[in-house]
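In full-length UniProt numbering, the protein residues as written are 1 to 397. Note that the Cβ used here is the ideal one computed from N, Cα and C, for glycine as well.
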Amino acid sequence: MRIAVLGGDGFVGWPTSLHLSDLGHEVHIIDNLSRRWIDAELGVQSLTPMDSIQERCRIWHEVTGRKLHFHLLDIAQEYERLRGWLSETRPDAIIHFAEQRAAPYSMKTDRHKVYTVNNNVNATHNLLAALVETGIDAHLIHLGTMGVYGYSTVGAAIPEGYLEVGIETMDGRNVSQEILYPTRPGSVYHMTKSLDQILFQFYAQNDGLRITDLHQGIVWGTHTDQTRRHPQLINRFDYDGDYGTVLNRFLIQAAIGYPLTVHGTGGQTRAFIHIKDSVRCVELALGDAPKAGERVKIFNQMTETHRVRDLAEMVAQRAGGSVAYLPNPRKEAAENDLVVRNEQFLALGLEPTTLAEGLLDEIVEVARKFAHRIDRKRVPAVSAWTRELAKLVDTDP
Ligand code: NAD
Ligand code: USQ
Numbered sequence: 001m002r003i004a005v006l007g008g009d010g011f012v013g014w015p016t017s018l019h020l021s022d023l024g025h026e027v028h029i030i031d032n033l034s035r036r037w038i039d040a041e042l043g044v045q046s047l048t049p050m051d052s053i054q055e056r057c058r059i060w061h062e063v064t065g066r067k068l069h070f071h072l073l074d075i076a077q078e079y080e081r082l083r084g085w086l087s088e089t090r091p092d093a094i095i096h097f098a099e100q101r102a103a104p105y106s107m108k109t110d111r112h113k114v115y116t117v118n119n120n121v122n123a124t125h126n127l128l129a130a131l132v133e134t135g136i137d138a139h140l141i142h143l144g145t146m147g148v149y150g151y152s153t154v155g156a157a158i159p160e161g162y163l164e165v166g167i168e169t170m171d172g173r174n175v176s177q178e179i180l181y182p183t184r185p186g187s188v189y190h191m192t193k194s195l196d197q198i199l200f201q202f203y204a205q206n207d208g209l210r211i212t213d214l215h216q217g218i219v220w221g222t223h224t225d226q227t228r229r230h231p232q233l234i235n236r237f238d239y240d241g242d243y244g245t246v247l248n249r250f251l252i253q254a255a256i257g258y259p260l261t262v263h264g265t266g267g268q269t270r271a272f273i274h275i276k277d278s279v280r281c282v283e284l285a286l287g288d289a290p291k292a293g294e295r296v297k298i299f300n301q302m303t304e305t306h307r308v309r310d311l312a313e314m315v316a317q318r319a320g321g322s323v324a325y326l327p328n329p330r331k332e333a334a335e336n337d338l339v340v341r342n343e344q345f346l347a348l349g350l351e352p353t354t355l356a357e358g359l360l361d362e363i364v365e366v367a368r369k370f371a372h373r374i375d376r377k378r379v380p381a382v383s384a385w386t387r388e389l390a391k392l393v394d395t396d397p
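1) What's the gap between the Cα of P397 and the Cα of Q100?
2) For the segment 225-241 against the segment 308-316, are there 3 or more C-beta pairs whose distance is under 8 angstroms?
3) Among R81, L214, E357, G65, which residue has its Cα nearest to the Cα of D288?
4) According to DSSP, is I59 helix, strand or coil?
5) For the beta strand (DSSP E) containing H71, name the first residue and the last one.
6) Have a look at E133, T265, G10, V27 and flag the residue whose alpha-carbon is nearest the alpha-carbon of L143.
7) I'd like to confirm the pairing. Which residues does DSSP put opposite H142 in its beta bridges?
8) Going residue by residue through the segment 117-167, where are the continuous alpha helix (DSSP H) segments of at least 4 residues, counting only ones entirely within it?
9) Quick one: is the Cβ of L6 within less than 7 angstroms of any heavy atom of the ligand NAD?
10) Which residue from Y189, L346, M170 puts its Cα closest to that of V114?
11) Is it buried or exposed for E160, if we count other Cβ within 10 angstroms and need 16 for buried?
12) Rounded to whole angstroms, what is the Cα-Cα separation between S87 and V132?
13) Where K193 and I218 are concerned, what is the direct C-alpha to C-alpha distance, given to the nearest angstrom?
14) Closer than 8 angstroms is the cut-off here; do at least three beta carbon pairs connect the segment 115-129 with the segment 64-78?
15) Let me confirm a value: P49 is counted as buried when at least 16 other C-beta atoms fall within 10 Å, else exposed. Which label applies?
16) So is the beta-carbon of A271 under 7 angstroms away from any non-hydrogen atom of the ligand USQ?
17) Looking at the secondary structure, which residues open and close the beta strand (DSSP E) in which D31 lies?
18) Please work out which residues of its chain come closer than 7 angstroms, Cβ to Cβ, to R341, disregarding the five sequence neighbours upstream and downstream, and give them in chain order.
19) Do F272 and H306 have their C-beta atoms closer together than 8 angstroms?
20) Do you know whose CA, among D196, L127, Q177, L140, lies nearest V148's CA?
21) For E178, is the beta carbon positioned less than 7 angstroms from some heavy atom of the ligand NAD?
22) Grab the span of the beta strand (DSSP E) containing E304 for me, first residue to last.
23) Please work out which residues of its chain come closer than 6 angstroms, Cβ to Cβ, to Y203, disregarding the five sequence neighbours upstream and downstream, and give them in chain order.
24) If you compare alpha carbons, which of P91, L359, A254, N206 is closest to L286?
25) Per DSSP, which one or two residues make a beta bridge with I298?
26) Rounded to whole angstroms, what's the CA-CA distance from W14 to H61? Just pull it up for me.
27) For L284, does the three-state DSSP call read helix, strand or coil?
28) Counting only the same chain and skipping the five closest in sequence on each side, list residues whose C-beta sits under 6 angstroms from that of A390.
29) Quick check: what's the CA-CA separation for F70 versus H19?
30) Is the Cβ-Cβ distance between R236 and S46 less than 8 angstroms?
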């Protein structure tokens with residue numbers, strides 16, 4: 001297949017591009033490199049040293065003989081170029097990672113909120129409008145988030161996207177209707193993914209676009225089979241207070257002897273997936289495209305759930321280090337349970353990689369190897385959800 005990977009220079013997009021290229025697909029990476037600019041804005045860098053995207057593609061070609069095509073394009077701001085590229089290249093499938101994905105970054109200031117909404121909503125809508133205009137029948141796979149559901153299960157497992165609800169009609173009959181699971185986003189970033197869902201629903205219904213939305217949990221890990229093949233194919237690894245996600249952060253904190261930064265009581269339960277499973281899920285979703293006229297296909301892309309404080313205690317025990325319980329800069333439930341249904345990917349053959357498989361030690365090793373690149377001042381999470389919470393956060397630890 002000819003596959004466009006939008007956001008293919010990012011943490012999940014890069015290993016996905018390599019995985020799909022390795023399977024023999026013709027892969028086109030589209031990226032505006034905004035993530036690299038945001039590193040510059042925040043004064044941080046990936047824990048792992050990343051080469052330019054052009055250099056990464058050159059190395060992949062040298063190592064495997066396979067070509068990755070890179071196109072510098074902003075899909076949120078360059079609509080005409082996006083439409084032109086699509087009608088010229090006519091991909092069979094499009095994997096859409098190209099959004100601003102950090103909740104803390106999206107909550108930093110009003111400017112960051114505006115940027116995140118403009119970028120993410122326009123990126124998705126431009127793509128949908130361009131697909132209709134060019135008449136390209138590509139399967140669109142979007143990387144969404146578990147966070148669209150909110151994290152409170154009211155004692156019931158979260159289904160894969162849809163909820164069957166019973167309604168009493170005005171003439172007293174009981175009918176049932178399938179609706180998108182009500183969204184309850186916890187940040188401006190998560191809110192944009194909720195808005196994406198409505199855009200997908202409309203374009204699938206109105207224009208028969210074939211869309212899969214992957215509601216993914218927190219991705220942990222760094223290496224995949226392909227990124228290991230050469231030191232310059234290494235994946236990015238975010239550790240800072242805005243972009244670093246919780247488990248990867250705990251692992252680097254343990255590696256450098258920084259007290260593990262648990263927010264509040266650490267009672268938040270979240271869904272997780274290893275990066276190797278994340279790229280495998282995209283492959284499985286590619287082989288299971290919906291037909292034109294079908295509703296948007298939604299998968300819950302996660303393999304296990306964990307409570308934040310349990311993760312911290314486990315990492316501290318395995319890798320050494322202490323746990324610090326800090327004021328929570330986020331507005332979120334102090335404690336929540338989370339049960340998630342994920343039968344669809346398991347039925348397609350996903351064999352989950354779990355925390356128990358020794359991969360935690362591998363990440364600690366990576367962190368120790370590149371510890372000299374870590375700026376300890378960038379470790380604390382200081383982006384607060386409200387002005388009141390900002391007063392609690394220690395910005396100068
Ligand atoms: P990332 O920030 O590392 O990668 C996103 C890439 O998209 C970057 O290379 C960025 O430059 C590019 N991009 C952003 N806006 C663009 C635009 N307008 N035009 C072109 N390129 C643009 O993020 P990631 O961790 O790889 O996440 C990828 C996707 O998966 C995101 O949509 C995210 O919401 C979703 N996701 C990530 C995680 C996670 O834990 N990392 C979990 C669930 C879902
Ligand atoms: N947390 C800590 N300490 C830290 C960092 C985080 O206790 O040092 C807590 C947070 O308060 C939160 C939980 O850990 O309760 C998860 O935070 P996170 O930053 O790991 O994850 P989140 O903000 O939800 O975002 C990440 C990705 C996002 C993706 C989402 C999937 O950045 O792109 O959509 O995970 S999910 O969480 O399932 O919605």
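In short, the structure shows the following:
1) The predicted model places P397 with a pLDDT of 48, which falls under 50 and marks its position as unreliable, so this point remains unresolved.
2) no
3) L214
4) helix
5) 68-72
6) G10
7) H96, D213
8) none
9) yes
10) Y189
11) buried
12) 11 angstroms
13) 14 angstroms
14) yes
15) exposed
16) yes
17) 26-31
18) A157, I158, P159, E160, N300
19) yes
20) D196
21) no
22) 304-307
23) L128, L209
24) P91
25) D213
26) 14 angstroms
27) helix
28) A384
29) 16 angstroms
30) yes
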